[in-house]
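First comes the structure, then the notes that go with it.
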Amino acid sequence: MSNNPSPLRVRPVRAFADNYIWLIEAPKDPRRVVAVDPGEAAPVLAELERLGASLAAILLTHHHADHIGGVAALRAATDLPVFGPDDARIPDLTRRLSDGDTVVLDSLGLQFTTLHVPGHTLSHIAFHGHGAVFCGDTLFSAGCGRLFEGTPEQMDASLRRLGGLPAETRVYAGHEYTAANLHFALEVERDNADAGAYRARVAELRAGDLPTLPSTIGLENRVNPFLRCREPAVRAAVAAHDGRALGDSVAVFAGLRAWKDGFRP
Ligand SMILES: [Zn+2]
Numbered sequence: 203m204s205n206n207p208s209p210l211r212v213r214p215v216r217a218f219a220d221n222y223i224w225l226i227e228a229p230k231d232p233r234r235v236v237a238v239d240p241g242e243a244a245p246v247l248a249e250l251e252r253l254g255a256s257l258a259a260i261l262l263t264h265h266h267a268d269h270i271g272g273v274a275a276l277r278a279a280t281d282l283p284v285f286g287p288d289d290a291r292i293p294d295l296t297r298r299l300s301d302g303d304t305v306v307l308d309s310l311g312l313q314f315t316t317l318h319v320p321g322h323t324l325s326h327i328a329f330h331g332h333g334a335v336f337c338g339d340t341l342f343s344a345g346c347g348r349l350f351e352g353t354p355e356q357m358d359a360s361l362r363r364l365g366g367l368p369a370e371t372r373v374y375a376g377h378e379y380t381a382a383n384l385h386f387a388l389e390v391e392r393d394n395a396d397a398g399a400y401r402a403r404v405a406e407l408r409a410g411d412l413p414t415l416p417s418t419i420g421l422e423n424r425v426n427p428f429l430r431c432r433e434p435a436v437r438a439a440v441a442a443h444d445g446r447a448l449g450d451s452v453a454v455f456a457g458l459r460a461w462k463d464g465f466r467p
């Protein structure tokens, strides 16, 4: 399955102010879909009706309510399998996943590998397969999640892991934050031509009310300052902002995250 050349068909469903619930079409049956992080049930049910499709499984990246809030209602209609991190804060799980575990949905033609990516929360996971990664609130386009539970060291390691996936891997993150993230990215790296070009493209998409996602790992490695803590320009910018010399790349990451937390454009 991993050498299946045709890309997944994935649709965004908007929820709350800026969440995306991703609906993955089953390669073996386009009328069956898998939902990633359904924070709300109603928009998922509306999209299923519009598509004439039914929900076959749910994948969860982390325990925050805006990612799991719709699970109970979606399961009320059908007894769906629910895959997520091994975390007591998530009810309704039918399978608890650890790093390296595989989710095989044979009848759908889908298979994903679990990556444990702590930082935003301690048990956060990502699902990798079919040339795509569903990474919740760990990696955003041109940014990353806030550190609610993990350490800078953990988040830096998690992001490096995601950044090490093949360049063409499509990145399906949990929120539409790209425009604001790029604003900060260009504050950090004013001379990053890729980030500048991406900002123009993102402005165009947002003007048309279109999603900026999926991104790709290759693009993120060129524009996302949180994946670029080893770049001299990023280190220099954080050091200048903090007014002090920085130690290792984790210190650069920690300084960058704190800078972004207080950043008001
Ligand atoms: Zn979250």
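Just so we're aligned: the sequence shown equals residues 203 to 467 in the working numbering.
All C-beta atoms in this analysis are idealised placements derived from N, C-alpha and C, irrespective of residue type, glycine included.
Notebook entry, point to check: In chain order, what are the residues with a CB under 5 Å from some non-hydrogen atom of ligand 1?
Noted result: His-266 and Asp-339
Notebook entry, point to check: Expressed to the nearest angstrom, what Euclidean distance is found between the alpha-carbon atoms of Arg-430 and Glu-227?
Noted result: 33 Å
Check: Which whole-angstrom value describes the C-beta separation of Cys-150 and Val-319, a residue pair presumed to lie in contact below a C-beta threshold of 8 Å?
Finding: As displayed, the chain neither begins before 203 nor continues past 467, which places residue 150 out of reach and without an answer.
Next item on the list: Please check the pair Arg-277 and Gly-286, which I expect to be a contact at CB under 8 Å, by giving their CB distance rounded to whole angstroms.
Entry: Not quite, the Cβ-Cβ distance comes to about 13 Å (not below 8 Å), so this is no contact.
Next item on the list: Pull up the distance between the alpha-carbon of Leu-250 and that of Ala-243, whole angstroms please.
Entry: 11 Å
Check: Around the C-beta of Thr-280, are 16 or more other C-beta atoms found within 10 angstroms, so that it is buried, or is it exposed?
Finding: exposed
Item checked: Distance CB(Gly-333)-CB(Arg-372) smaller than 8 Å -> yes
Check: Buried or exposed: Leu-412, going by 16 or more other Cβ atoms within 10 Å of its Cβ?
Finding: exposed
Notebook entry, point to check: In whole angstroms, what separates the C-alpha of Lys-230 from that of Val-236?
Noted result: 12 Å
Item checked: Simplified DSSP state of Phe-428, which is helix, strand or coil -> helix
Item checked: Supposed close pair Gly-241, Asp-268 - CB separation, criterion 8 Å -> 4 Å
Margin query: Do Val-436 and Tyr-470 count as a contact pair if the criterion is CB distance below 8 Å?
Written below: Any question about residue 470 goes unanswered here, given that the chain covers just 203 to 467.
Check: By the 10 Å Cβ neighbour count, where 16 or more other Cβ atoms means buried, how is Pro-427 classified, buried or exposed?
Finding: buried
Notebook entry, point to check: DSSP on Ile-292, reduced to helix/strand/coil?
Noted result: coil
Notebook entry, point to check: Using the C-alpha atoms, what's the distance from Ala-217 back to Asn-206?
Noted result: With a pLDDT of 48 at Asn-206, under the threshold of 50, the modelled position of that residue is not reliable, and the figure given next carries that caveat. Near 30 Å, if we compare the C-alpha coordinates of Ala-217 and Asn-206.
Check: Given Asp-444, which residues of its chain have a CB within under 6 Å of its CB, disregarding the five upstream and five downstream residues?
Finding: Gly-457
Check: For the candidate residues Pro-209, Arg-213 and Tyr-222, whose alpha-carbon lies nearest to that of Thr-380?
Finding: Tyr-222
Next item on the list: Please determine, among Leu-384, Gly-464 and Asn-394, the residue with the shortest C-alpha to C-alpha distance to Glu-433.
Entry: Asn-394
Next item on the list: Can you give me the start and stop residues for the beta strand (DSSP E) that Pro-232 sits inside?
Entry: 231-238
Margin query: To the nearest angstrom, how far is the alpha carbon of Ser-204 from that of Gln-313?
Written below: Reliability fails at Ser-204, whose pLDDT of 46 lies under 50, so the model's placement of it is uncertain and the value that follows must be treated cautiously. For Ser-204 and Gln-313, the distance between alpha carbons rounds to 8 Å.
Check: Of all the options Asn-423, Gly-366 and Asp-358, which has the alpha carbon lying nearest to the alpha carbon of Ser-451?
Finding: Asp-358
Check: Three-state secondary structure (DSSP) at Leu-310?
Finding: helix
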